[in-house]
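Novice: In this note's numbering, the protein residues as written are 1 to 294.
Each residue gets a CB set at the ideal place from its N, CA and C atoms; glycine is no exception.
#1: When DSSP builds the beta bridges, which residues end up paired with residue 183?
#2: Hey, quick one: how far does the beta strand (DSSP E) through residue 271 stretch, first residue to last?
#3: Measuring only the C-alpha atoms, how far is residue 242 from residue 178?
#4: Determine the direct distance from the alpha carbon of residue 125 to that of residue 154, and round the result to whole angstroms.
#5: Specify the secondary structure class of residue 279 as computed by DSSP and reduced to three states.
#6: Three-state secondary structure (DSSP) at residue 107?
#7: Quick one: grab the DSSP three-state call for residue 101.
#8: Any chance you could list the beta strand (DSSP E) runs of at least 3 consecutive residues sitting entirely within the region 124-187, in chain order?
#9: Compare the C-alpha of residue 103 against each of 141, 129 and 132 and name the closest.
#10: Excluding sequence positions up to five away, which residues of its chain have a Cβ less than 7 angstroms from the Cβ of residue 118?
#11: For the region 65-98, list the beta strand (DSSP E) runs that are entirely contained and at least 3 residues long, ordered along the chain.
#12: Check whether the Cβ atoms of residue 123 and residue 260 sit closer than 8 angstroms, and answer yes or no.
#13: List the endpoints of the continuous beta strand (DSSP E) containing residue 254.
#14: Counting only the same chain and skipping the five closest in sequence on each side, list residues whose C-beta sits under 8 angstroms from that of residue 40.
#15: Among 152, 294, 176 and 54, which one has its Cα closest to the Cα of residue 189?
#16: Look up residue 239 in the DSSP assignment and say whether it is helix, strand or coil.
#17: Per DSSP, what kind of secondary structure is residue 245 in: helix, strand or coil?
#18: Roughly how many whole angstroms lie between the Cα atoms of residue 262 and residue 159?
#19: Please classify residue 183: is it buried, with 16 or more other beta-carbons within 10 angstroms of its beta-carbon, or exposed?
#20: Go to residue 287, then tell me how far its alpha helix (DSSP H) extends in each direction, as first and last residue.
#21: Using alpha carbons as the reference points, say which of 120, 286 and 86 lies closest to residue 174.
#22: Report yes or no: do the region 85-94 and the region 244-257 share at least 3 C-beta pairs separated by less than 8 angstroms?
#23: Roughly how many whole angstroms lie between the Cα atoms of residue 225 and residue 196?
#24: At the level of alpha carbons, what is the spacing between residue 258 and residue 282?
#25: I need the straight-line Cα distance from residue 139 to residue 77, nearest angstrom please.
#26: Count the other CB atoms, across all protein chains shown, that sit within 10 Å of the CB of residue 47; report buried if there are 16 or more and exposed otherwise.
#27: Nearest by alpha-carbon distance to residue 49: which of 202, 145 and 200 is it?
#28: Look at the Cβ atom of residue 115, then the Cβ atom of residue 172, and state whether they are nearer than 8 angstroms.
#29: Of the choices 210, 264, 150 and 278, whose alpha-carbon is the least far from that of residue 198?
#30: Count the other CB atoms, across all protein chains shown, that sit within 10 Å of the CB of residue 22; report buried if there are 16 or more and exposed otherwise.
#31: Do residue 271 and residue 204 have their C-beta atoms closer together than 8 angstroms?
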């Protein structure tokens, strides 16, 4: 008798449980079909003018106020073309897609900084959306500008961003401290800034765009770099770019870092070298009087 009574109780409990799970009036019984997909919330697009304290495309590193210390500033947000967008993952550094994006960043970076950003202690990089963002449909890339170290960055030894305060918008128009100018060389042949009114032997003259080839091949071809940089100096100093130019000026140059070369930067910074003579003024527009034939 007791066993029959327990069986009846269990049957009643089971019926109540099943009844409690039945769909209520006005519902379809599917608890998930009206939920917003979790991945959808991870989609975002960065905005121009945002600054970041970390070199990452992840949302775990949100933008910071550009008036506060930061590493990079986003000045352009682009979209990868359809043929790239169909790929299962974002393009890697050094790929044709990233180099094409760098060309867009290079152009926009000139507009943003108020001149060729290589005329300053600056660098530009392409930062594609993170893998997680790519998987949920984002296809953007960020164009970031950042300030280089005054010694290792300027001399092409590294491509690391240094912390700064304030926007780089118009930095080259305002004559800020990031603009390259007169230089001296230390015991390790590193160029370092000097006032043009103080004794110096070097001066930044402009950029030569190197041809497409490997970084190692480019670095070995010093003769071509010197020849092209002499022409850059001639234009800067307003002297004839003729067969006598090599007797007017010496040159030195700095390739971009290997990291910058990989992402598409082919800009070689060209410098006038006095050959040992100490100058106390800029050679800009000085003509044959400032660069006589020696």
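Specialist: Judging by the given coordinates:
#1: 193 and 202
#2: 267-273
#3: 32 angstroms
#4: 16 angstroms
#5: strand
#6: helix
#7: helix
#8: 140-147 and 182-185
#9: 141
#10: 207, 267 and 269
#11: 72-79
#12: yes
#13: 250-254
#14: Bear in mind that a pLDDT of 38 at residue 40, under 50, signals an unreliable position, so the model cannot answer this.
#15: 152
#16: coil
#17: helix
#18: 11 angstroms
#19: buried
#20: 287-290
#21: 120
#22: no
#23: 25 angstroms
#24: 30 angstroms
#25: 10 angstroms
#26: exposed
#27: 145
#28: yes
#29: 278
#30: For residue 22, the predicted structure reports a pLDDT of 44, less than 50, and the residue's modelled location is therefore unreliable. The matter cannot be settled from this model.
#31: yes
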